[in-house]
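What follows is a set of notes on a single structure, which appears directly below.
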């Protein structure tokens, strides 16, 4: 549940920045001006050791789109001649060029171009895997009012369809971070716990199709009062994670009302994600029972009440965080 060490995080960030510096120079030579941002688990500080890669948004700054009914647009703040270029054409070209650059500049690394949304590069001289995500800015209504980057949309490409997708990665980071800070770090600990359990299960051969973004989004809806107690007793966090996932497991209708923190979609928008959450719930159930036995060896678990008894037991054990 604890965050990884500062040096581990620093190396993750530096690795992504190094890739960004290389891309910036070579993209410029190809006539593409680019800027870079980190998104995902590393800037949110929910990355886990040995598993999490670093998401590097690679933004074509020569091209952007905007909501024509937004306040800045209505005030005539966007200038420049119309262009025949489209998000699809711009991002396809950016992706193609980035793929070529990475293969040339990192010959000893593995450059995986099979992903729909990102180019994955790992190994060689890179200390961490990096996912390069071709993208551009879209100034939506909210951003045109606030001018705050967390409100700004990022448009990415899924080359497998192909299609473009609008995301709000910085609003996600802001909202999860603020809610976590309000409970003294308990939300991030819950997210890391789920990700570690998922990683262990996958290592042992259990398939869990439940993306990290959706894990974070799910825990965003857990009981914050319970997670707040993690500042004193970390096992309270395990207990709440088990309780909440168990609830979602047995109430599919409720689970499918939950939305991601930026409110752009429901969390369980595919049956595969819901099935993945259920599989994770089973793994967490098993962990709670194991921890309860370790902490309270004399624990009596009546038939049909094993999970509740185990959860109650670890909640009452005062293990300082």
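Numbering (UniProt numbering), first residue to last: 1 to 321. The beta carbon of each residue, even a glycine, is placed where N, CA and C say it ideally should be.
Can you tell me the Cα-Cα spacing of residue i and residue j, whole angstroms?
i	j	result
residue 2	residue 42	14 angstroms
residue 307	residue 61	53 angstroms
residue 263	residue 149	17 angstroms
residue 292	residue 299	8 angstroms
residue 214	residue 4	21 angstroms
residue 106	residue 27	15 angstroms
residue 193	residue 156	29 angstroms
residue 248	residue 254	7 angstroms
residue 7	residue 188	19 angstroms
residue 111	residue 57	16 angstroms
residue 16	residue 235	34 angstroms
residue 190	residue 205	23 angstroms
residue 120	residue 114	9 angstroms
residue 268	residue 75	39 angstroms
residue 83	residue 65	11 angstroms
residue 18	residue 250	46 angstroms
residue 282	residue 91	40 angstroms
residue 304	residue 174	41 angstroms
residue 14	residue 311	41 angstroms
residue 128	residue 302	47 angstroms
residue 230	residue 221	16 angstroms
residue 178	residue 55	21 angstroms
residue 38	residue 138	17 angstroms
State the CB to CB distance for the pair residue i and residue j, rounded to an integer number of angstroms; the pair is presumed to be in contact (CB under 8 angstroms).
i	j	result
residue 260	residue 136	Not quite, the Cβ-Cβ distance comes to about 21 angstroms (not below 8 angstroms), so this is no contact.
residue 183	residue 227	5 angstroms
residue 47	residue 12	7 angstroms
residue 242	residue 288	5 angstroms
residue 140	residue 67	5 angstroms
residue 80	residue 144	Not really, about 16 angstroms apart at Cβ, beyond 8 angstroms.
residue 152	residue 170	7 angstroms
Per DSSP, which residues does residue i bridge with? Please list them.
i	result
residue 250	In DSSP, residue 250 forms no bridge with anything.
residue 7	Paired residues: none, contrary to the question.
residue 130	54 and 121
residue 110	122
Can residue i and residue j be called in contact, C-beta distance under 8 angstroms?
i	j	result
residue 296	residue 275	no
residue 207	residue 176	no
residue 32	residue 97	yes
residue 266	residue 256	yes
residue 133	residue 159	no
residue 246	residue 286	no
residue 122	residue 108	no
residue 36	residue 50	no
residue 258	residue 210	no
DSSP on residue i, reduced to helix/strand/coil?
i	result
residue 53	coil
residue 158	strand
residue 30	coil
residue 263	coil
residue 258	coil
residue 163	strand
residue 152	coil
residue 136	strand
residue 218	helix
residue 63	strand
residue 38	strand
residue 17	helix
residue 223	coil
residue 300	coil
residue 210	coil
residue 22	helix
residue 1	coil
residue 183	coil
residue 48	coil
residue 169	helix
residue 268	coil
Does the beta carbon of residue i come closer than 8 angstroms to any beta carbon on chain C?
i	result
residue 73	No chain C appears in this structure, which consists of one protein chain only.
Shorter than 7 angstroms, the distance from the beta carbon of residue i to the closest heavy atom of the ligand MN, or not?
i	result
residue 73	The ligand MN is not among the ligands present in this structure, which contains no ligands whatsoever.
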